[in-house]
Structure formats: C-alpha cells, structure tokens
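Here is the structure we will look at.
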C-alpha cells in the first residue's frame, strides 16, 4: 500500500511543475538596457583649456560629468551605460582651466557655453525642460557653443 501514496505524490509534483511560473521558480529579471550618449561640442573658438560637460537626469540631478580636451574646434565625449529616458546636457569652454564659468561684472559669461537641444539663452539659462531629450538607443547630440 506504500505504492499508492508514492504514485499520488509523484503525480502531484509533475502537475505542479507543469503549471508554469510559481513563487518557487526563478524567472530571470529583465535587464535594463543601457546605451552610449555621445556629446559633441561644436564651435569651440580655441584649443585653450577644456570643455566641461555635465549630464543630468529628468529631475535635474547631475549624474555624470567630464572635462574634455579640444581638437579642431570641437570636443567629443561618450557617456556610457546611460539608461533609456529623458536627459539634459550643459557644458562650457573653460578656456583658462579654472573649472568654473567666468562671467563679467553683470554675470554675463565670458567663456562659451551651451545646452542640449541648442535652445536660445536670453537673460539667463533656458528652462530645464527645453534642454531635455530622449535616449532610447545609442545617441549622438551636437551642442553649438555660444560666446
């Protein structure tokens, strides 16, 4: 009579195993896709100094930055492992390598600067939303410096 309970147990195990995913099975979690974002700063007026770039998420939090050399009037940097979503970039040409945007006594920049989407900057930086762009694949953006 031991055979009957063993057969019932085996039948139940196989029926359970064939019923699809359960709390006991481990499905592989979906990996978040990561992309490369290439930023090209164009119209850099000299090769003095470097271009300082900052990548911000949709909430405006800086998540990465770089100090990039200049060659032939442009600077190029690749941000790696960027998740899909909305991002913004701001940058400036740090001609004297002091790692800050120099301004005159009125607060007007004396060094070149720019933003993703190249929005106009009138009486201050453009609104943050005007700088947001979407990353859904490897992406290249071009920012023209304003002097």
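In the working numbering, the protein residues as written are 380 to 526.
C-beta: ideal position from N, C-alpha, C; glycine also.
DSSP state of residue i mapped onto helix, strand, coil
{"i": "residue 508", "result": "helix"}
{"i": "residue 525", "result": "strand"}
{"i": "residue 502", "result": "coil"}
{"i": "residue 494", "result": "strand"}
{"i": "residue 480", "result": "coil"}
{"i": "residue 416", "result": "strand"}
{"i": "residue 474", "result": "coil"}
{"i": "residue 487", "result": "coil"}
{"i": "residue 411", "result": "coil"}
Of the residues the options, the one placed nearest residue i, counting alpha carbons only
{"i": "residue 503", "options": "520, 410, 518, 525", "result": "525"}
{"i": "residue 413", "options": "519, 521, 514, 520", "result": "514"}
{"i": "residue 434", "options": "493, 428, 499", "result": "493"}
{"i": "residue 471", "options": "438, 485, 444, 465", "result": "444"}
{"i": "residue 521", "options": "508, 442, 432, 501", "result": "432"}
{"i": "residue 420", "options": "486, 454, 507, 485", "result": "454"}
{"i": "residue 491", "options": "469, 410, 519", "result": "469"}
{"i": "residue 426", "options": "436, 449, 411", "result": "449"}
{"i": "residue 418", "options": "481, 440, 457", "result": "457"}
{"i": "residue 507", "options": "438, 485, 481, 424", "result": "438"}
7 Å Cβ shell around residue i - same chain, five flanking residues per side excluded
{"i": "residue 422", "result": "452, 523, 524"}
{"i": "residue 499", "result": "505"}
{"i": "residue 496", "result": "509, 510, 512"}
{"i": "residue 446", "result": "429, 431"}
Cutoff 6 Å; reference residue i; Cβ partners in own chain excluding five residues on either side
{"i": "residue 321", "result": "Because the chain spans 380 through 526 in this model, residue 321 falls outside it and cannot be assessed."}
{"i": "residue 517", "result": "414, 415"}
{"i": "residue 436", "result": "442"}
{"i": "residue 411", "result": "462"}
Spatial neighbours of residue i in its chain, beta-carbon cut-off 8 Å, leaving aside the 5 residues before and after
{"i": "residue 483", "result": "489"}
{"i": "residue 398", "result": "Note that residue 398 has pLDDT 43, beneath the 50 cutoff, so the model's placement of it is unreliable and no number is given."}
Contact with chain B by residue i, beta-carbon distance below 8 Å
{"i": "residue 451", "result": "Among the chains of the structure shown, chain B does not appear; only one protein chain is present."}
Would you be able to state if there are at least three C-beta pairs under 8 Å between the segment 455-463 and the segment 474-481?
The segment 474-481 is not in contact with the segment 455-463.
Could I get the ranges of all uninterrupted alpha helix (DSSP H) runs contained in the segment 419-472, with 4 residues as the minimum, in chain order?
Positions of the alpha helix (DSSP H) runs, each at least 4 residues long and wholly inside the segment 419-472, cannot be given because no such run exists.
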